[in-house]
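>
Numbering (the working numbering), first residue to last: 4 to 284.
Shown next as structure tokens:
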């Protein structure tokens, strides 16, 4: 925890792969866990321009991005093009601990770095972009991190057993909202890094996904797109369903037409994370 002579430590949440790893739900889960014991936890995410704090009452996904707007519902959240500037702003804003969601290759040296990867996708062909899915070479990425979190079903986790980092398996669990999904006919749409993961979650809940519409990550919810989805749902007798991240991009007058499936990341065992936090933060 920060003291007058020691600035707030930084927990970086990164990934070696370019998209769809699950960093945002991981960062939110870490934030919720650490808020219980570490005082004021602030989050820093990638944005444009000078650092500024996200105001969920006034900002929109168009002005600050969907992930920062979602994160701001859980903790004070800052956006900045320069991650170090964002960290400095969070510290000046009263943070006792800063969680940095890294965008691309690492640019700062945190007290603790946790890598997050999708267990089904893995590291792809293990080559760097433009020839593969990685933005950082695996050997270099492993050297600068202290923990690996792999998100996905148990069968997919086997591919990570030989990684040189301490590892914890994780799943994205739907929150209990009282909604009965079994047998529900849904038209599901998602503009996240890995839409198939969301569609699979709905099927696991027992929903009948009569139509699934993957969108580009952060895709704009235009009136034309939403009118088409609404028309198709009516024709199929289906309910429109999307993710929390997509919901913050919906126009206010369209949100009542769409059900949202909130999910939270759960580690199979928090002991490794808790130990690293105690040792390094």
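Glycine is no exception: its CB is placed at the ideal position from the N, C-alpha and C atoms.
Confirm, please, whether the CB-CB distance from residue 79 to residue 266 is below 8 Å.
The answer is no: Cβ separation not under 8 Å.
> When DSSP labels each residue in this structure, what does residue 159 get in the three-state scheme?
helix
> Thinking just about the alpha-carbon of each residue, which of 263, 73 and 70 is nearest to the one in residue 192?
263
> Output the distance between the C-alpha atoms of residue 155 and residue 11, rounded to the nearest integer angstrom.
32 Å
> Would you grab the beta carbon distance between residue 214 and residue 190 for me? Rounded to a whole angstrom, and I think it's under 8 Å.
4 Å
> With a threshold of 8 Å on Cβ separation, who are the neighbours of residue 242 within its own chain once the five nearest residues in sequence on each side are excluded?
187, 188, 189, 190, 236 and 262
> Have a look at residue 277 and residue 203 and give me their C-alpha separation to the nearest angstrom.
30 Å
> Assuming residue 15 and residue 109 make a contact with CB atoms under 8 Å, what is their CB distance in whole Å?
With 8 Å as the limit, residue 15 and residue 109 qualify as a contact, their Cβ atoms being about 7 Å apart.
> Can you give me the C-alpha to C-alpha distance between residue 252 and residue 49, rounded to a whole angstrom?
The straight-line gap separating the alpha-carbon atoms of residue 252 and residue 49 is approximately 17 Å.
> Could you check whether residue 283 and residue 115 sit closer than 8 Å to each other, using their CB atoms as the reference points?
yes
> Mind reading off the beta-carbon distance from residue 69 to residue 260? Whole number of angstroms is fine, and I expect it under 8 Å.
Actually they do not touch by this definition, with Cβ atoms about 18 Å apart.
> Hey, could you find the ends of the beta strand (DSSP E) residue 270 is sitting in?
266-270
> So, helix, strand or coil for residue 192, using DSSP?
strand
> For residue 349, which residues of its own chain have a beta-carbon under 7 Å away from its beta-carbon, when the five flanking residues on both sides are left out?
A question about residue 349 goes unanswered here, because the residues of the chain that appear run from 4 up to 284.
> Would you check if the distance between the CB atom of residue 33 and the CB atom of residue 90 is smaller than 8 Å?
no
> For residue 46, report the span of its beta strand (DSSP E) as first-last.
44-49
> Can you have a look at residue 226 and say buried or exposed, based on whether 16 or more other CB atoms are within 10 angstroms of its CB?
exposed
> Alpha carbon to alpha carbon, what distance is there between residue 250 and residue 231?
17 Å
> Could you check which residue in 37, 209, 180 and 19 has the C-alpha nearest to that of residue 285?
The displayed coordinates of the chain run from 4 to 284. Any statement about residue 285 would go beyond what the structure contains.
> DSSP three-state label for residue 53, please.
Reduced to three states, the DSSP call for residue 53 is coil.
> On the three-state DSSP scale, how would you describe residue 247?
Here residue 247 sits in helix by DSSP.
> Sort 119, 71, 148 and 88 by Cα distance to residue 172 and report the nearest one.
It is 119.
> Helix, strand or coil for residue 110 per DSSP?
coil
> Name the DSSP bridge partner or partners of residue 123?
Its beta-bridge partners do not exist; DSSP assigns none.
> Does DSSP classify residue 139 as helix, strand or coil?
coil
> Quick one: is residue 143 buried, meaning 16 or more other Cβ sit within 10 Å of its Cβ, or exposed?
Residue 143 comes out exposed.
> One question on the structure: do residue 269 and residue 176 come within less than 8 Å of each other, judged by their Cβ atoms?
yes
> Kindly indicate which residue of 180, 107, 46 and 256 has the alpha-carbon position closest to the one of residue 317.
Residue 317 is absent from the model: the chain starts at 4 and stops at 284.
> Checking the sheet assignment: what are the DSSP bridge partners for residue 17?
118
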